[in-house]
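Asker:
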Amino acid sequence: MTSIPQMLPVTCPHCRAKFAAPIQRVVDVGQDPKLKVALLQGRLNVAACPQCGNAGMLNAPFIYHDLEKELALCFVPTELGLTATDQQKLIGDLTNAVLNSLPPERRKGYLLQPRIYLSLQGLIDTILQADGVTKEMIEAQRARGALVYELLDARNDEHLKQLVEEHDAELDYEFFQTLTAAMETARADGKDDLAQRLSALRTRLLDLTTVGKREAAQRKAIESLGEKVTQEDLLQKMIECEDEDQLQAYVALGRPLMDYTFFLALTEKINAAQAEGDSEEAQRLTDLRARILEFQAKYDAQVAVALQWAANLLKEILQSQDREAVVRAHLGEIDDTFFAVLSANIAQAEEKGEKKIADDLRQVGDLVMELLQESAPPEIRLINQLMQAEYPEGTKKVLEENVAQVTADLIKVMDFMVENLKGGGHSEAAQRLSDIRAQAETMVGRK
533 MTSIPQMLPV TCPHCRAKFA APIQRVVDVG QDPKLKVALL QGRLNVAACP QCGNAGMLNA
593 PFIYHDLEKE LALCFVPTEL GLTATDQQKL IGDLTNAVLN SLPPERRKGY LLQPRIYLSL
653 QGLIDTILQA DGVTKEMIEA QRARGALVYE LLDARNDEHL KQLVEEHDAE LDYEFFQTLT
713 AAMETARADG KDDLAQRLSA LRTRLLDLTT VGKREAAQRK AIESLGEKVT QEDLLQKMIE
773 CEDEDQLQAY VALGRPLMDY TFFLALTEKI NAAQAEGDSE EAQRLTDLRA RILEFQAKYD
833 AQVAVALQWA ANLLKEILQS QDREAVVRAH LGEIDDTFFA VLSANIAQAE EKGEKKIADD
893 LRQVGDLVME LLQESAPPEI RLINQLMQAE YPEGTKKVLE ENVAQVTADL IKVMDFMVEN
953 LKGGGHSEAA QRLSDIRAQA ETMVGRK
């Protein structure tokens, strides 16, 4: 059941003008999980002041209720200036609203003693910690958010380069996720200027940072290899390669082809160069072989660690009494390796006829996908919805229903995902998304 917001008088925090706005006074995640997402993303009780035009989250009181985790949290902002008596009355009204919505057998003692929060951030921290997110993880996320705006406020490009040099180790994949989330939030809040500045910052950082350069090298490697690469093609690309990041990308992408015959072919080229008296070329190829072997060993070790980590996480989720909390705590770390391990375990269980175990593993997969979808930016959620729809009629309908989101930015995200799918060997999914992209591009052209 979805909780209905009430039209209540509010005061603009900027110009102090009074106006009426729809306010969600009860956030019951059991009845409407989307309200939790809205709260965590800063989209709950958002309104635009008719006087000054400022839009944002209002300091309106509400109660947060999670029956499963037995959380009853009241947000009573200090800006309300309530007396102790009025505050207690407000808390009582909010608590009663939750109690009245529950059947008698679900009314427990924790609801009679809700925790009071004067700051919204304190309430959000409590929610995250109940989901398994530690204080250290929260602080790290805040630090990433602060760094986004420090870089955004750089005086000029030289100052930005200096900041990137100082913080390069911190500008990792999680940082770029934070930057993208900030950009999407700004766009959703109607702050197009801020969204464009954040988008421009992301583009520039991809050119300046180690992570960005590595991504660019990988994309270049994917484009140059094509879909049906042979051992001979791969070896020739490596011989011609002059960029270390791109060479590492070739090793990662072509690892299945790098067997005994691959290195035998490289050794034959070294011997041929020596036979022709080209000692310089022979030495260059010998050094190349050493670097390839080094990168291969490094890649294999990383894969082994990733597989073990994924297996341990899957085991932890399966054994936990609160699977959602465990998944949320590791949501930013879950990748294709985790799903590969999950799929392998499902296949193994099915081969052994262990249907219950296979079903349990599928439930874990469904939970992870649900939480990933919940936390994903709007473009990713729309793309996931499109990938699940029937092509072409079903996808056309989804695009038409979400026409406001069908923009040039969506096309860029689709392009990036197509390349990623190709690089991961998912050619069928890449082709499907490419077909959907063509549909979306036609709609963008009509706007």
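Heads up, the sequence shown is in our numbering, so the first residue is 533 and it goes up one at a time. For every residue, glycine included, the Cβ atom is placed at its ideal position computed from N, Cα and C.
Can we say the stretch 942-955 touches the stretch 743-760, given the rule of at least three CB pairs closer than 8 Å?
Answerer: Segments in contact, yes.
Asker: Once you ignore the five residues that flank Leu643 on each side, which residues in its own chain have a CB closer than 7 Å to its CB?
Answerer: As a first step, residue 643 must be located in the sequence shown, where it is residue number 111. Excluding positions up to five away in sequence, the list reads Ala604, Thr627, Val630 and Leu631.
Asker: Quick check: Gly664 and Val542, are their CB atoms within less than 9 Å of each other?
Answerer: Taking the first residue of the sequence shown as position 1, residue 664 is located at position 132. Taking the first residue of the sequence shown as position 1, residue 542 is located at position 10. No; because the gap between Cβ atoms is not below 9 Å, this pair is not in contact.
Asker: Any idea what DSSP makes of His546, helix, strand or coil?
Answerer: For the purposes of this step, residue 546 is taken as the residue at position 14 of the sequence shown. If DSSP states are grouped into helix, strand and coil, His546 belongs with coil.
Asker: Between the alpha carbons of Gln921 and Glu764, how many angstroms are there, rounded?
Answerer: Locating residue 921 in the sequence shown gives position 389, where the first residue counts as 1. Locating residue 764 in the sequence shown gives position 232, where the first residue counts as 1. It should be pointed out that residue 921 corresponds to Ala in this sequence rather than to Gln. Computed Cα separation, rounded: 39 Å.
Asker: Suppose only complete runs of 4+ residues qualify. What are the alpha helix (DSSP H) ranges in the stretch 753-831, listed by chain order?
Answerer: Listed in chain order, they are 763-772, 776-786 and 792-807.
Asker: Taking three-plus beta-carbon pairs below 8 Å as touching, is the stretch 880-899 in contact with the stretch 924-944?
Answerer: Flag = no, the stretch 880-899 and the stretch 924-944 do not touch.
Asker: Given Tyr681, which residues of its chain have a CB within under 7 Å of its CB, disregarding the five upstream and five downstream residues?
Answerer: Sequence index remark: in the sequence shown, residue 681 carries index 149 (1-based). Taken in chain order, the list of residues that qualify is empty.
Asker: Report the residue ranges of all alpha helix (DSSP H) runs contained in full by the stretch 919-977; include only those spanning at least 4 residues, in chain order.
Answerer: Counting whole runs of 4 or more residues, the stretch 919-977 contains the alpha helix (DSSP H) stretches 925-933 and 940-955.
Asker: Ignoring anything shorter than 4 residues or poking outside the stretch 638-667, list the alpha helix (DSSP H) runs there in chain order.
Answerer: Counting whole runs of 4 or more residues, the stretch 638-667 contains the alpha helix (DSSP H) stretches 652-662.
Asker: Hey, out of Gln750, Arg687, Arg575 and Cys581, whose CA is closest to Met589's CA?
Answerer: Residue mapping note: residue 589 aligns to position 57 of the sequence shown, counting from 1. Ranking Gln750, Arg687, Arg575 and Cys581 by Cα distance to Met589 puts Arg575 first.
Asker: Run the proximity test for Gln851: is its beta-carbon closer than 8 Å to any non-hydrogen atom belonging to the ligand GDP?
Answerer: Of ligands this structure carries none, so the ligand GDP is not represented either.
Asker: Using the Cβ count rule (16 or more neighbours within 10 Å means buried), how would you classify Met533?
Answerer: As a first step, residue 533 must be located in the sequence shown, where it is residue number 1. For Met533, the predicted model reports a pLDDT of 48, less than 50, meaning its position is unreliable and no value from the coordinates is stated.
Asker: For Ala553, which beta-bridge partners are listed by DSSP?
Answerer: Residue 553 sits at position 21 when you count from the first residue of the sequence shown. In the DSSP output, where bridge partners are listed per residue, Ala553 has Leu540.
Asker: Does the Cβ of Cys547 have 16 or more other Cβ atoms within 10 Å, making it buried, or fewer, making it exposed?
Answerer: Residue mapping note: residue 547 aligns to position 15 of the sequence shown, counting from 1. With fewer than 16 other Cβ atoms within 10 Å, it is exposed.
Asker: Considering only DSSP beta bridges, list what Cys584 is partnered with.
Answerer: Here residue 584 corresponds to residue number 52 of the sequence shown, with the count starting at 1. For Cys584, which the question treats as bridged, DSSP gives no partner whatsoever.
Asker: Among all the DSSP beta bridges, which residues are the ones paired with Asp560?
Answerer: Residue mapping note: residue 560 aligns to position 28 of the sequence shown, counting from 1. For Asp560, which the question treats as bridged, DSSP gives the partners His597.
Asker: Go ahead and pull the three-state DSSP assignment for Leu899.
Answerer: Sequence index remark: in the sequence shown, residue 899 carries index 367 (1-based). The answer is helix: DSSP assigns Leu899 an H, G or I state.
Asker: To the nearest angstrom, how far is the alpha carbon of Ile968 from that of Asp625?
Answerer: Translated into positions along the sequence shown, residue 968 becomes position 436. Translated into positions along the sequence shown, residue 625 becomes position 93. Cα-Cα distance, rounded: 50 Å.
Asker: Starting from the Cα of Ile824, find the closest Cα among Gln834, Asp854, Arg855 and Tyr782 and give me that residue.
Answerer: The residue given as residue 824 occupies position 292 in the sequence shown. That would be Tyr782, whose Cα lies nearest to the Cα of Ile824.
Asker: Can you tell me which of the three DSSP states Val578 falls into?
Answerer: Counting from one through the sequence shown, the residue named residue 578 turns up at place 46. Strand.
Asker: Which value, in whole angstroms, describes the spacing of the CA atoms of Ala662 and Gln728?
Answerer: Counting from 1 along the sequence shown, the entry for residue 662 is found at position 130. Counting from 1 along the sequence shown, the entry for residue 728 is found at position 196. Going from the Cα of Ala662 to the Cα of Gln728 covers about 35 Å.
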